[in-house]
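So the sequence lines, in the order shown, correspond to chains A and B. Start counting the first sequence at 1; every next residue gets the next number (the numbering used here). Start counting the second sequence at 1001; every next residue gets the next number (the numbering used here). Just so you know, even glycine gets a beta-carbon here, dropped at the ideal spot from N, CA and C. Read through the structure below, which is laid out as structure tokens, and then see the notes.
Protein chains: 2
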Amino acid sequence: MSTTGPGPTITSQADDFPGWYNDVVRRAELADYSPVRGCMIIRPYGYAIWESMRDELDRHIKRTGHSNVYFPLFVPKSLLEKEAEHVEGFDPQVAWVTRAGGKELDEWLAIRPTSEAIIADSVKDWIQSYRDLPLLMNLWNNVVRWELRTRLFLRTAEFLWQEAHTFHATEAEAAAEVDTGLEAYRAVAEDWLAIPVVQGRKSEGEKFPGAVYSHSIEAMMRDTKALQAGTSHMLGQNFAKAADIRFLDRDNERKHPWGTSWGFSTRMVGATIMAHGDEAGLVLPPNVAPFQVVIVPIFRSEEDRVKVAAAIEQLEASLADVVTASGPLRWKTDWREETPGFKYNHWELRGVPLRLEVGPRDVAAGQGVLVRRIDRHKEPVPLASLAAELPERLATYQQAVFQRALDFRAANTRSLDTLDALRESIEVEGGFVMAPWCGSPECEQAVNEATGATIRCIPFDSPDEAGRCLVDGRPSERRVLFARAY
Amino acid sequence: MSTTGPGPTITSQADDFPGWYNDVVRRAELADYSPVRGCMIIRPYGYAIWESMRDELDRHIKRTGHSNVYFPLFVPKSLLEKEAEHVEGFDPQVAWVTRAGGKELDEWLAIRPTSEAIIADSVKDWIQSYRDLPLLMNLWNNVVRWELRTRLFLRTAEFLWQEAHTFHATEAEAAAEVDTGLEAYRAVAEDWLAIPVVQGRKSEGEKFPGAVYSHSIEAMMRDTKALQAGTSHMLGQNFAKAADIRFLDRDNERKHPWGTSWGFSTRMVGATIMAHGDEAGLVLPPNVAPFQVVIVPIFRSEEDRVKVAAAIEQLEASLADVVTASGPLRWKTDWREETPGFKYNHWELRGVPLRLEVGPRDVAAGQGVLVRRIDRHKEPVPLASLAAELPERLATYQQAVFQRALDFRAANTRSLDTLDALRESIEVEGGFVMAPWCGSPECEQAVNEATGATIRCIPFDSPDEAGRCLVDGRPSERRVLFARAY
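The following block contains the structure:
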């Protein structure tokens, strides 16, 4: 039954990570499968988490000068086919509308897998002069990519995302924009979702179809696998040429503008679950938690209930004005007719950062017992001063979640020099491996075939370090990040 | 060119209202046609207006206990066909996905024209007991209805909207929810968009396919035609029965829950344009205006420019903390290298409520000239106290926009008793006509065939008034609202 809690214990994270993930998503009522193959239903608790990260990213996007817009769901077949690499990359995953309004369509319409093609064609008339540039647009929408194997949030046939599309008068400006997009993702991942990320450049084999290059942020999940958490692409003049967009520059020459695009999706709800969760379920950073504090009244007699209720009512009045880093405090008092233990499990599964237990003896002492979800640390706290302390307590908690993830990543990242060492490390311990690579697609593929790991990115902060490629021994300029990935 | 203003004069509203509408939408850069038949591109200025009404409605929806969720874009054919009236109503407008992932699909997927069918099927497992009710959900998404004749914002093959879907243990609770939805729409229309609305019940012929009854709010546009601005439907147990949803009630009986649904779309951007606009373009209510104030510097010499810039800089510092009824003040100083006259036209076309002209003589007197868009009222205002006055000035302006629309509707609403009088009134003067009707679909249709007008609704505030139906003379209990409509 949907409102009566966690039910039986969830699958152990240590034993079966995918089973644990699935249990958490379903039992915490984040999302559900739908009658449509590969498509998900996002339930209130999951959608509230998405809204929090979406709104935070939207603030970053607007603050950096981008405007929200909307482009059609449909991309005519002929438009999708204009950029050759692009169509080759997406065609196998496209869902096609072939009939509408009771008739066969003259031209099939793709459900957008992404919007580069239709945007490039549409903005032709808007970009006439250098004065019309840069054109900085962002879309919040749904896209469809027909995936064979799907998993709630992580890989679904339909997902929600943000896709920014920008056009610039110079290559340098476009390159700076690629960085702006990636920085927005880094900030949301690290400062909002408490997920540390490695920033870097994708290899040629892993870049976006139609891009000159792609940057990404890569995060480590609790099973030590990697998850690509956002990508930002330099499109060069590829789409502008395909759609024949030209502008009159200051030097009176007509040129193709340079483009970028960058995207961040509901996948990040999955990343937040897998980056922080533990055996009891979700561990949510306070910034993104739908409830930051849950109050659990404890009583047996009616007399005690009245006392406890009075103390909680007084506390609640003081909570109304509390403002946290992510807006007004979000809290809930759980008065359901269930045992305290049931409620503890219920809210632990849902990852609520702080739980306040208030019983008759606490009330007599003017206090409650505050329990931290992340480490179950218990502490008696005076009720009179709690409201004033909560913003700092939540900020400290947010930092603790980030630090734990950072420590976990550090403990599971190794620097290795040979394919054998990498294979053994990936197979036995998992995690991230920093290893030298000559830059060739053949060596990249050899590692993948031998280990299942891929090059997640060439990290920006990987120092110059002369070495020998782990596959063919040719010179390597720096180490790159290998890992098995979602 | 997109950034160089209104260009030639727009079509006269008095001469050609549809031409005026189209010019305003295109020249004010609200929306544009796309390469996909009937689908629109919403540009930054238009999207900002949509975001404002969307966010306000979202606050109403959350405040009344509803949670945002997401359901799939696709509705399998067999699900859409479960509720007979529903499929009959929507089938002709459906776009079908028949191929995906390189293969023909076993079952066609409809692009949702609305989500009743897939939601009813999906929530079956969530509604087991009366304790799971009410289930109050809301979706912000895109829907597709293949329309033959389209017009930007007003009728497009794809549009953005909000659709609430709720389930209740009793019919009375569902009926109250239909009212909650309609009240949210009334509040957003009247208090945010300054559009007065008539609330009422749709006739049987105009109700939602699959509903027991439908309520709507109806607004008058500047050409005196009606526009349906939001609808709220009592679904009864129709969809619950079709999907076989049952819950165990307090009396230990298994029952079908009662459902409602209600929707509000990007059509309301079109309504805002047509309810308030005039010969110079948009007239936006301050709550929804992307810019509430535009400052236009006036100078010829460099010496004057410096003086004016200093005064404006000082003013801008005082504007940073101004909070209006719709959040922090939104303003812009137009420093483009264009004439003041060009800028006045540019911002009048875009409907900015207040324009502040600041020239060297104004600066010497410590003032600026404030011009109201709605009536071009001009007034010298001291710059030192302007910031403090703006919230009230904008609130007064918001009220003035509403009052003007209310007066316009009153001046164009007539109470008439015969079909001949109604026909002449509709043909010569247009507007709303309140007339007696016996309640039969035949008489409703006779009026439509004779005049092009339809019954917009049976207004809630239409008093009991015994009369004779304007078509067949049978008894009528009260007057209903007839009008030609968008």
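Contact of Glu1427 (chain B) with chain A by beta-carbon distance below 9 Å is absent, the smallest such distance being about 32 Å.
With respect to the 9 Å criterion, Phe1432 (chain B) and Ala1226 (chain B) are classified as neighbours on the basis of their beta carbons. Within the region 1058-1092 of chain B, those residues whose Cβ lies closer than 7 Å to any Cβ of chain A are, in chain order, Ser1067, Asn1068, Val1069, Tyr1070, Phe1071, Pro1072, Leu1073, Phe1074, Pro1076, Leu1079, Pro1092. Under a criterion of Cβ atoms nearer than 7 Å, the residues of chain A adjacent to Trp1146 (chain B) are, in order, Ala100, Gly101.
For the 9 Å CB-CB criterion, Lys77 (chain A) and Cys457 (chain A) do not form a contact. With fewer than 16 other beta carbons inside 10 angstroms of its own, Gln314 (chain A) counts as exposed. In terms of beta-carbon proximity, Ala1014 (chain B) stays away from the interface with chain A, with every pair separated by 9 Å or more.
In the assembly as shown, Asp1121 (chain B) is a buried residue. Its beta-carbon has 16 or more other beta-carbons within 10 Å. Listed along the chain, the chain A residues whose CB falls inside 9 Å of the CB of Trp1347 (chain B) amount to none; the nearest CB is some 17 Å away. Pairing Tyr47 (chain A) with Leu139 (chain A) gives a Cβ-Cβ distance that is not under 9 Å.
Closer than 9 Å to the CB of Leu1109 (chain B) there is at least one CB belonging to chain A.
For a cut-off of 8 Å, the C-beta gap from Pro1353 (chain B) to Ala1289 (chain B) is around 6 Å, short enough to register as a contact. Here the region 78-97 of chain A does not lie against the region 213-220 of chain A, with fewer than 3 beta-carbon pairs under 8 Å apart. One thing to note: Val1293 (chain B) has its Cβ within 9 Å of the Cβ of Leu1329 (chain B). Taken through DSSP and simplified to helix, strand or coil, Phe1090 (chain B) comes out as helix. Contact annotation: Leu152 (chain A) and Met40 (chain A) have beta-carbon atoms nearer than 9 Å. Close partners of Trp335 (chain A) in chain B (Cβ separation under 8 Å) are lacking, with about 14 Å as the shortest Cβ gap. Within chain B, no residue has its CB atom less than 9 Å from the CB of Ile217 (chain A), the nearest being about 24 Å off. His1233 (chain B) and Ser1214 (chain B) have their alpha carbons spaced roughly 4 Å apart. In this structure Met1137 (chain B) touches His1165 (chain B) by the C-beta definition: roughly 5 Å separates them, less than 8 Å.
Restricting attention to A:Leu80, A:Ala485, A:Val123, the CA atom closest to the CA of Trp258 (chain A) is found in A:Val123. Inclusion of Ala1384 (chain B) and Gly1366 (chain B) in the CB contact set at 9 Å is warranted, their separation being smaller than that value. Against chain A, a Cβ distance below 8 Å from Glu1338 (chain B) picks out nothing, because the smallest value is about 12 Å. Of A:Glu206, A:Gly102, A:Cys469, A:Tyr185, the smallest CA-CA separation from Arg54 (chain A) is found for A:Tyr185. In this structure, the straight-line span from the alpha carbon of Ser1052 (chain B) to that of Asp1304 (chain B) is close to 37 Å.
Among the residues of chain B, none has a CB under 7 Å from the CB of Asn252 (chain A); the nearest is roughly 16 Å distant. For Pro1286 (chain B), same chain residues with a beta-carbon under 6 Å away, outside a window of 5 residues either side, are Gln1292, Pro1353, Leu1394, Tyr1397, Gln1398 in chain order. Residue contact check for Val24 (chain A) against chain B: no CB pair falls below 9 Å. Looking only at B:Ser1261, B:Gly1439, B:His1346, the smallest Cα-Cα distance to Ala1174 (chain B) is reached by B:Ser1261.
In the displayed model, His215 (chain A) falls within a strand according to three-state DSSP.
Taking 9 Å as the cut-off between beta carbons, none of the residues of the region 466-482 of chain A comes near chain B.
Residues of chain A whose Cβ lies closer than 8 Å to the Cβ of Trp1331 (chain B) do not exist, since the nearest Cβ in that chain is about 16 Å away. Distance between Glu427 (chain A) and Thr451 (chain A), taken at the CA atoms: about 7 Å. The Cβ atoms of Glu1088 (chain B) and Pro1441 (chain B) do not sit closer than 9 Å to each other. At a cut-off of 9 Å between beta carbons, Met53 (chain A) makes no contact with chain B. By a beta-carbon distance limit of 8 Å, Ala1453 (chain B) contacts Phe1482 (chain B). Their separation comes to about 5 Å.
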